[in-house]
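Engineer: In order, the protein sequences belong to chains A and B. Under the working numbering, residues 1 to 144 are what the first sequence spells out, in order. Under the working numbering, residues 145 to 546 are what the second sequence spells out, in order. Don't be surprised by glycine CBs; every beta carbon is placed ideally from N, CA and C.
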Amino acid sequence: MKFKWLYLIGLAALLALGSYFLSDMGMKPKPELDLSRSRASENGVYVVAVAPEAEPIKLGELHSWIVTVQTPDGMAVEDASFEVDGGMPDHNHGLPTSPKVTENLGDGRYRLEGVKFSMTGWWELSFDISAAPGSDSVTFNMVL
Amino acid sequence: MSGRGLSVFAVLAVLGGILSGCGGEEFSEADKATIASLSLASLPAVPTDPSNRYADDAAAAAFGATLFFEQRMSRDGDVSCATCHLIDRQFQDDLPRAKAVGLNNRRTMPLAGVAYSPWQFWDGRRDSLWSQALTPLEEPVEHAGTRAGYAHVIAQHFADRYARIFGPLPDLSGVPERAGPRGTPEEAAAWQKLDAGKRREIDQVFANLGKAMGAFVRSIELPETRFDRFAAALAAGERPEGDAALSPDEIAGLRLFIGKANCATCHNGPRFTDDGFHNTGVPVVDGLPEDLGRQSGVLQVAEDPFNCEGAFSDAGPDDCGEFRFRVREGPHLVRAYKTPSLRGAAARPPYMHSGQFATLDAVVDHYATAPAAPAGQSELHPLTLSERERKQLIAFLGTISE
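Structure below.
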């Protein structure tokens, strides 16, 4: 009986050690990120959706996204202007490029060009949007 | 099996699991995918250079190779590109700071695989290989020549070869031997005295020389390494053996590289670079003028008449995405330098943009301690690495250098 207890204690210790090492060498866990590609802007002025023009997104390559802006009641927002920002919060750096909305496609849809993700990990892509309903901001999380 | 036997079995199983997670040969599927992404087999074809219509012209590349090794392409006839880009030394010079006509402020970069980079130089102050090649030619501490002088060299020694590729040279009678906008005050004044049409003709010759050299440099490929053979065996589900084998320490280093040490965050993809600019808190070199890295590089590329959107570029309106969507300002640009490829790095100390670190030990030390940046903010986080882990990381770097 005595031996069995020793083995069980040893087993528990090893399991704890093992799970520590296997969980990314004890790095603190990240909070769950909201990865939705459609969401309300911070003050609820807009509902914004983003979608890459081609998937999968290739690391290190310039590509375009379609940004769709609607009011909360589903009306397309026309003639919006955008300031685009973003980066990697974990690494204290911004986007490797400066993406711009280059085309108004109608029906509240806009083409965002010049997006590039240069590494895997958690990226933020933020928009300051100004149009007739007002100014508001929205941030999307991406994990590559 | 008895209760005791079962316990022993469980302990051994857990122990085995831990060991395999730390240096054994079993990689997770995610690790295998990362290893494959770092392998030369993942390298796509060399991207086109729409700004250089001669980029893939064999005659232009051969002419570019001639110019690359040509010492007459300098003020005093004693410096060529190969003075610092030594062909048998990965096209670099092993010096902390390049030495040509004078001493440079930065370290010579190796040339294999540079055609994949959207930005050239440590600070990305040029956006193509051909506009890069033109810059040292007129740098006072590098070749120290002038574009009018180079046009004369071509007219005197290479007129036929030039004409076969680019068409006849312009009439250079009356053009001074030394004249160029980036030269000495006398050379700049002589340049200004030329009429605009003649300046434009000489600029075109100068651009063409850059395009020939760019075509040559594009052809310099990254060699296969032991790591690539290891990755190929792993991808094929085979046991890496012989010249594909990695030692247990090298494998442990690889695990650190793609795992806890976070190296593969920036040193990613088959060239081990994200082609981006990062402030990693590299110290300043005493006695050198202020160096703001990408912050000044991004201003210089915009002013370069030979950039992708300039008059001498062959690019169409949609061909200059990297230039058009470049980050123009922001705190992240301060003392940010281009992530160098790590292929071959173990065999070419010293390290960093001005050769600040003499050894890989010093480099790993820097990344582990993550000191504050002299200006701007370092992106590094401190890292706890044991002596053994440091050696393992460096051992892994050896596998992409041989």
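(1) Rounded to whole angstroms, what is the Cα-Cα separation between A299/B and L184/B?
(2) One question on the structure: do I179/B and T369/B come within less than 8 angstroms of each other, judged by their Cβ atoms?
(3) For the stretch 364-398 of chain B, which segments carrying the alpha helix (DSSP H) assignment without a break, of at least 4 residues, lie completely within its bounds, in sequence order?
(4) Tell me which residues share the same chain as L249/B and place their Cβ nearer than 6 angstroms to its Cβ, disregarding the 5 neighbours each side in the sequence.
(5) R468/B touches chain A at which residues, Cβ-Cβ below 7 angstroms?
(6) Give me the DSSP bridge partner(s) of W274/B.
(7) Using beta carbons (cut-off 8 angstroms, strictly below), is V471/B in contact with chain A?
(8) Identify whether L95/A lies in helix, strand or coil by the three-state DSSP scheme.
(9) On the CB-based measure, 16 or more other CB atoms within 10 Å of its CB, does S272/B come out buried or exposed?
(10) Give a yes or no on whether 8 angstroms exceeds the smallest Cβ distance from N92/A to chain B.
(11) Helix, strand or coil: which one does DSSP assign to S530/B?
(12) Could you please tell me which residues of the stretch 410-430 of chain B, in chain order, have their CB closer than 7 angstroms to any CB of chain A?
(13) Thinking A539/B and E394/B are a contact (beta carbons under 8 angstroms), I'd like their distance in whole angstroms, please.
(14) In whole angstroms, what separates the C-alpha of S457/B from that of A514/B?
(15) Could you give the first and the last residue of the continuous beta strand (DSSP E) run that contains T210/B?
(16) State the DSSP-derived secondary structure class of Y481/B, mapped to helix, strand or coil.
(17) What does DSSP give as the partner residues of Y110/A in its beta bridges?
(18) Cβ of T120/A less than 8 angstroms from any chain B Cβ?
(19) Taking DSSP's pairing of strands, which residues face S137/A in a bridge?
(20) Buried or exposed: P526/B, going by 16 or more other Cβ atoms within 10 Å of its Cβ?
(21) Alpha helix (DSSP H) containing E170/B: first to last residue?
(22) Between R415/B and M119/A, what straight-line distance do the alpha-carbon atoms span, to the nearest angstrom?
(23) Flag this pair as touching only if the stretch 247-265 of chain B and the stretch 226-237 of chain B have three or more C-beta atom pairs under 8 angstroms; answer yes or no.
(24) Do the stretch 67-85 of chain A and the stretch 125-133 of chain A meet, that is, are 3 or more Cβ pairs less than 8 angstroms apart?
(25) Taking CB distances under 8 angstroms as the criterion, tell me whether G86/A reaches chain B.
(26) For the stretch 419-474 of chain B, which segments carrying the beta strand (DSSP E) assignment without a break, of at least 3 residues, lie completely within its bounds, in sequence order?
(27) Measuring only the C-alpha atoms, how far is G94/A from D463/B?
(28) Report buried or exposed for N43/A, applying the criterion of at least 16 other Cβ atoms within 10 angstroms of its Cβ.
Structural biologist: The relevant details are as follows:
(1) The residue labelled residue 299/B in the question sits at position 155 within the second sequence. The residue labelled residue 184/B in the question sits at position 40 within the second sequence. One Cα belongs to A299/B, the other to L184/B, and the distance between them is close to 42 angstroms.
(2) Numbered from its first residue, the second sequence carries residue 179/B at position 35. Numbered from its first residue, the second sequence carries residue 369/B at position 225. A distance of 8 angstroms or more separates the beta carbons of I179/B and T369/B.
(3) 370-379
(4) If you number the second sequence from 1, residue 249/B lands on position 105. Sequence inspection shows Asn at residue 249/B; the Leu mentioned does not correspond to that position. Result list for N249/B: L432, in chain order.
(5) Residue numbering aside, residue 468/B sits at position 324 when the second sequence is read from its first letter. Residues of chain A passing the Cβ test: G114.
(6) Position 130 of the second sequence, counted from the start, is the residue given in the question as residue 274/B. In the DSSP output, where bridge partners are listed per residue, W274/B has none listed.
(7) Start at 1 with the first residue of the second sequence, and residue 471/B comes out as number 327. It does; some Cβ of chain A falls within 8 angstroms.
(8) Translated into positions along the first sequence, residue 95/A becomes position 95. Looking at L95/A - three-state DSSP - the assignment turns out to be coil, as it is neither helix nor strand.
(9) The residue given as residue 272/B occupies position 128 in the second sequence. Burial call: buried.
(10) Locating residue 92/A in the first sequence gives position 92, where the first residue counts as 1. Chain B contact via Cβ: present.
(11) As a first step, residue 530/B must be located in the second sequence, where it is residue number 386. DSSP places S530/B in coil when its eight states are reduced to three.
(12) C410, N412, G413, D418, D419, G420 and H422
(13) Locating residue 539/B in the second sequence gives position 395, counting from the first residue. Locating residue 394/B in the second sequence gives position 250, counting from the first residue. That belief holds up - the Cβ atoms of A539/B and E394/B are roughly 5 angstroms apart, short of 8 angstroms.
(14) For the purposes of this step, residue 457/B is taken as residue 313 along the second sequence, with counting starting at 1. For the purposes of this step, residue 514/B is taken as residue 370 along the second sequence, with counting starting at 1. Going by the C-alpha atoms only, they are around 41 angstroms apart.
(15) Mapped onto the second sequence, residue 210/B falls at position 66. Run containing T210/B: none in the beta strand (DSSP E); it sits in the alpha helix (DSSP H), A202 to F212.
(16) Here residue 481/B is taken as the residue at index 337 of the second sequence, counted from 1. Three-state DSSP puts Y481/B in a strand.
(17) Here residue 110/A refers to the residue found at position 110 of the first sequence. V67/A and N104/A.
(18) Numbered from its first residue, the first sequence carries residue 120/A at position 120. For T120/A, the answer is yes, since a Cβ of chain B falls inside 8 angstroms of its Cβ.
(19) Translated into positions along the first sequence, residue 137/A becomes position 137. DSSP lists D128/A as partners of S137/A.
(20) Position 382 of the second sequence, counted from the first residue, corresponds to residue 526/B. Answer is exposed; the Cβ neighbour count stays below 16.
(21) As a working note, residue 170/B is residue 26 in the second sequence. That residue, E170/B, is in no alpha helix (DSSP H); it is neither H nor E in DSSP.
(22) As a first step, residue 415/B is located in the second sequence; it is residue number 271 there, counting from the start. As a first step, residue 119/A is located in the first sequence; it is residue number 119 there, counting from the start. Distance between the alpha carbons of R415/B and M119/A: 13 angstroms.
(23) yes
(24) yes
(25) Counted from its first residue, the first sequence places residue 86/A at position 86. Cβ-Cβ to chain B under 8 angstroms: no for G86/A.
(26) Whole beta strand (DSSP E) segments, 3+ residues: zero.
(27) By 1-based counting over the first sequence, the position of residue 94/A is 94. By 1-based counting over the second sequence, the position of residue 463/B is 319. Straight-line Cα distance between these residues: approximately 24 angstroms.
(28) Here residue 43/A is taken as the residue at index 43 of the first sequence, counted from 1. N43/A should be labelled exposed.
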